[in-house]
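Participant:
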Ligand SMILES: Nc1ncnc2c1ncn2[C@@H]1O[C@H](COP(=O)(O)OP(=O)(O)O)[C@@H](O)[C@H]1O
Ligand SMILES: [Mg+2]
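Protein chains in written order, with the working numbering: chain G, 178 to 583; chain Y, 3 to 248.
1. Quick one: is residue 208(Y) near chain G, going by C-beta distance under 9 Å?
2. Closer than 8 Å to a non-hydrogen atom of ligand 2 - does that hold for the CB of residue 88(Y)?
3. Could you tell me which residues DSSP pairs with residue 196(Y) in its beta bridges?
4. Have a look at residue 45(Y) and residue 204(Y) and give me their C-alpha separation to the nearest angstrom.
5. Can you list, in chain order, the residues of the region 123 to 141 of chain Y whose Cβ is nearer than 8 Å to any Cβ on chain G?
6. Using the Cα positions of residue 180(Y) and residue 579(G), report the straight-line distance between them to the nearest angstrom.
7. Mind checking residue 337(G): buried by the 16 CB within 10 Å criterion, or exposed?
8. Does residue 297(G) pass the burial test, meaning 16 or more other C-beta atoms within 10 Å, or should it be called exposed?
9. Would you grab the beta carbon distance between residue 263(G) and residue 430(G) for me? Rounded to a whole angstrom, and I think it's under 8 Å.
10. Which of helix, strand or coil does DSSP assign to residue 490(G)?
11. Does the CB of residue 102(Y) have a neighbour CB from chain G at under 9 Å?
12. Can you give the Cα-Cα distance for residue 499(G) and residue 459(G), rounded to whole angstroms?
13. Rounded to a whole number of angstroms, what is the C-alpha to C-alpha distance between residue 389(G) and residue 240(G)?
14. Considering only the beta carbon of each residue, do residue 387(G) and residue 354(G) sit closer than 9 Å?
15. For chain G, is any of its Cβ atoms less than 9 Å away from the one on residue 74(Y)?
16. Going by CA-CA distance only, name the one from 329(G), 368(G) and 365(G) that's closest to residue 350(G).
17. If you draw a straight line from the alpha carbon of residue 259(G) to that of residue 304(G), how long is it in whole angstroms?
18. What are the complete alpha helix (DSSP H) segments, minimum 4 residues, inside the region 291 to 369 of chain G?
19. For residue 376(G), collect the residues of the same chain with a Cβ closer than 6 Å to its Cβ; drop the 5 residues on either side in sequence, then sort them by chain order.
20. Tell me whether the region 106 to 120 of chain Y and the region 219 to 234 of chain Y touch, counting them as touching only if at least three CB pairs, one residue from each stretch, are closer than 8 Å.
21. Give the residues of chain Y in contact with residue 488(G), contact being defined as C-beta atoms less than 7 Å apart.
22. What residues from the region 482 to 514 of chain G come within 9 Å of chain Y, judged by C-beta to C-beta, listed N to C?
23. Ordered along the chain, which non-local residues of its own chain (more than five positions away) have a Cβ less than 6 Å from that of residue 511(G)?
24. Compute every distance between the C-beta of residue 38(Y) and the non-hydrogen atoms of ligand 3, then say whether any falls below 8 Å.
25. Using a Cβ-Cβ cut-off of less than 7 Å, list which residues of the region 181 to 194 of chain G approach chain Y; keep chain order.
26. Using a Cβ-based criterion (distance less than 8 Å to any ligand heavy atom), does residue 579(G) qualify as near ligand 1?
27. For residue 15(Y), which three-state DSSP category applies?
28. If the cut is a Cβ gap below 7 Å, which residues of chain Y does residue 576(G) touch?
29. How long is the line joining the alpha carbons of residue 207(Y) and residue 213(Y), rounded to whole angstroms?
30. Since residue 400(G) sits in a beta bridge, which residues does DSSP pair it with?
31. Take residue 49(Y) as the anchor and find which of 71(Y), 40(Y) and 31(Y) has the nearest alpha-carbon.
32. Is any beta-carbon of chain G found at less than 9 Å from that of residue 161(Y)?
33. Is residue 148(G) buried or exposed, if buried means 16 or more other CB atoms sit within 10 Å of its CB?
34. Where residue 275(G) and residue 400(G) are concerned, what is the direct C-alpha to C-alpha distance, given to the nearest angstrom?
35. For residue 246(G), decide whether its Cβ has a neighbour in chain Y, counting only Cβ atoms nearer than 9 Å.
36. When the distance is taken between beta carbons, is residue 146(Y) closer than 9 Å to residue 185(Y)?
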């Protein structure tokens, strides 16, 4: 017979459309915020996970501690070197290694000076595959770096536009990196990630001469022999590096990680951001909830006489309680449905804009129906809970007093 | 007047046990510091099938008395007995259930729910008794036909005249097949033609269905139909007149 309560409550909500809509507004905003922010956060996480998994499961990434997430900014940090790379390469579990390094550098062209990321990369074809250059970067025009290239550069997509230096850079042009001349031999196609699209790729050897200490590397990627467990390989790399660098276990000044572990590190950071975001959304939900409570108190007051009548025709306190709970639940449900829909629309629009402006690499929005249904249910219960105090008040009203109420 | 003759042919249906009884009932309202005794020691008995009129000046306590008879309220002092049960032994929830099953209210102000249609208003009391959907819809339609509103079942109260609204209210009071109908000035807000229709309906219920009817009214012509007239003054029973066949 719960259906009857739904019908009765619905009639009332329907009759007061304007007030109902205003009540819904708070919940709609709160739920829309929760849904769009969570969906977008998830989309970010998806994209990052995909980027890392593109590296493959048989790869290990070795970095100096603290530098992985802020490449080039860890000025005082201990470095990873060519010696480390040679050591790792010599291990039985490891098939191949490659090192890269990057930092921000002064770039000059057309009498303009700007600062962008410069990547020092190996020129050996196998090593280029290993660092993922071939997966993530595709040539737009010109050529990529070849063995023996010195003072040659391949530029990111953005340099093909005139915005960066008020003038397009063409193949064969010369740019200055840290006041050293480099000849542009190629351009990468757009990747969608702004730092990558603004990067200058030069050979490791050239990087060392203009930017680095000798033999210094930003990170090493090591590929395990097929059939080796990457976790075990990581352990043995850690052991050897501890020995050669003279550090105790637990005090390592370096990190050996699988792409998955790195992705998880990012996920943790995103989760923290997500918590903050959910906190903000929770505040708007509280506001919405207070709105429902307020509306329901008003409804109880306005319908005091009706409540008296219901009691006169045999409604018990629990019936009145249920009736008002269902009504406030309706507000939660309605706000939830509209809010979820708006949230999804918003997230999708943001994704489209993102793809349009910066490319597809950073956001992969995915609608999870389980999450949608859960959110709507949550909103329904939030409505019920918001209406609890007013409903209890209604249930406890004295029938005679209520009938006399004008 | 067929109805009146029918009424007079009626045998007095008093049985040994009263359906409802008040024993030295007091009702006191506290208004801040001041205590107001609205009912001052009323004792009376209502028997099954009776038609009782309660009359008296405005403010004399008639509505308060009706609320006690309808177990919508409890006395400050004294006993209210329904079906041999002292209501002071019952819980609020028991009283609501008993009220829903045994008593039908008809108010001066109709008290229909505005968001519901005539049919839904009539069905309303069955919701709290858990009566199956099909049964209650049929019953409600029958009752609306009986009060002459079969053409109006989908109308909202604000689309009905006062007389029609009161007829919906009467249909509603009958839906759970109660034995007692309490009507507190049911014609007080109606023109005389509509009032007369309502009165005929109540009489019909009394004669044809042996419903016990307790009626508060100022209308002398209505009072004349009652078998017993209880005159209230200042919270006390001033006089009881027995009419019709004794
Ligand atoms: N809930 C209440 N609180 C205070 N006073 C009340 C209440 N109900 C009734 N009264 C007072 O009791 C008196 C009798 O009221 P009522 O029973 O409605 O009289 P009647 O129906 O005969 O006109 C009136 O003076 C009224 O103001
Ligand atoms: Mg009155």
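Note that the Cβ used here is the ideal one computed from N, Cα and C, for glycine as well.
Facilitator: With the given structure in hand:
1. It does not; no Cβ of chain G falls within 9 Å.
2. In this structure, the C-beta of residue 88(Y) stays at least 8 Å away from each heavy atom of ligand 2.
3. In the DSSP output, where bridge partners are listed per residue, residue 196(Y) has none listed.
4. Straight-line measurement puts the Cα of residue 204(Y) at about 25 Å from the Cα of residue 45(Y).
5. Those would be 126, 127, 129, 130, 131 and 132, in chain order.
6. Computed Cα separation, rounded: 23 Å.
7. Answer is buried; the Cβ neighbour count reaches 16.
8. Under this definition residue 297(G) is a buried residue.
9. Wrong, their Cβ atoms sit about 18 Å apart, outside the cutoff.
10. Coil.
11. Yes, residue 102(Y) counts as interfacial toward chain G.
12. Going from the Cα of residue 499(G) to the Cα of residue 459(G) covers about 26 Å.
13. Taking the straight line from one Cα to the other gives about 16 Å.
14. One thing to note: residue 387(G) has its Cβ within 9 Å of the Cβ of residue 354(G).
15. Against chain G, the CB of residue 74(Y) has a partner CB under 9 Å away; the residue lies at that interface.
16. When only C-alpha atoms are compared, the closest one is 329(G).
17. Distance between residue 259(G) and residue 304(G), taken at the CA atoms: about 14 Å.
18. List check, alpha helix (DSSP H) in window: 302 to 307 and 310 to 313.
19. So the list reads 294, 296 and 333, once near-sequence residues are dropped.
20. Not touching, per the Cβ criterion.
21. Result: 98.
22. Within the region 482 to 514 of chain G, contact with chain Y at the beta-carbon level (separation under 9 Å) is assigned to 482, 483, 485, 486, 487, 488, 489, 490, 491, 492, 493, 494, 495 and 496.
23. Excluding sequence neighbours, residue 511(G) sits near 201.
24. Ligand 3 is not part of the structure shown, which contains ligand 1 and ligand 2 as its ligands.
25. Under the 7 Å Cβ criterion, the region 181 to 194 of chain G contributes 181, 188, 189 and 192.
26. The answer is no for residue 579(G).
27. Below a pLDDT of 50, predicted positions are generally treated as unreliable, and residue 15(Y), at 48, falls in that range; no measurement from the model is reported.
28. Correct list: 74.
29. Going by the C-alpha atoms only, they are around 6 Å apart.
30. Per the DSSP secondary-structure output, residue 400(G) pairs in a beta bridge with 236(G) and 273(G).
31. Among 71(Y), 40(Y) and 31(Y), the Cα nearest to that of residue 49(Y) belongs to 71(Y).
32. By this cut-off, residue 161(Y) is not an interface position.
33. Lying outside 178 to 583, the shown extent of chain G, residue 148(G) is not represented and no answer is given.
34. Approximately 9 Å, taken between the alpha carbons.
35. The predicted position of residue 246(G) is uncertain, since its pLDDT is 47 and thus under 50; no value can be drawn from it.
36. Not a contact, by the Cβ cut-off of 9 Å.
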